[in-house]
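Numbering (our numbering), first residue to last: 1 to 67. In what follows, a structure is listed as structure tokens, so that the remarks can point back to it.
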Amino acid sequence: MDFAESFAKENNYSSIRLDVNSQNMRVIEFYKKRNYFIRISVNFPEREYPFHCMEKKIITAYNKVLW
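Listed below in structure tokens is the structure:
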């Protein structure tokens, strides 16, 4: 995670998004502690539970984003 977040910041990305199974509370809590938030939940027909799309804002001097 540190590498991905550093890479995003160095390359002026505005955010990082990832998917996580909504039943995987351990991983969801890990991401929340790193300032990711649940953007949306997606239901796939072949899956019993939805997946959360989680996102973290990446703000640098070059890409100040108004959220």
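For every residue, glycine included, the Cβ atom is placed at its ideal position computed from N, Cα and C.
Own chain residues within Cβ distance below 6 Å of residue i, not counting five before or after
i, result
"A8", "I16, I58"
Sequence-distant residues of the same chain with beta carbon closer than 7 Å to residue i, five excluded per side
i, result
"N43", "P50"
Three-state secondary structure (DSSP) of residue i
i, result
"M54", "strand"
"R26", "helix"
"F44", "coil"
"S15", "strand"
Nearest neighbour of residue i, chosen from the options [CA to CA]
i, options, result
"A4", "R34, N24, C53", "R34"
"M1", "N12, Y31, H52", "Y31"
"N24", "C53, T60, E46", "C53"
Distance CB(residue i)-CB(residue j) smaller than 8 Å
i, j, result
"S70", "S22", "Given a span of 1 to 67 for the chain in the structure shown, any question on residue 70 remains unanswerable."
"E55", "Y36", "yes"
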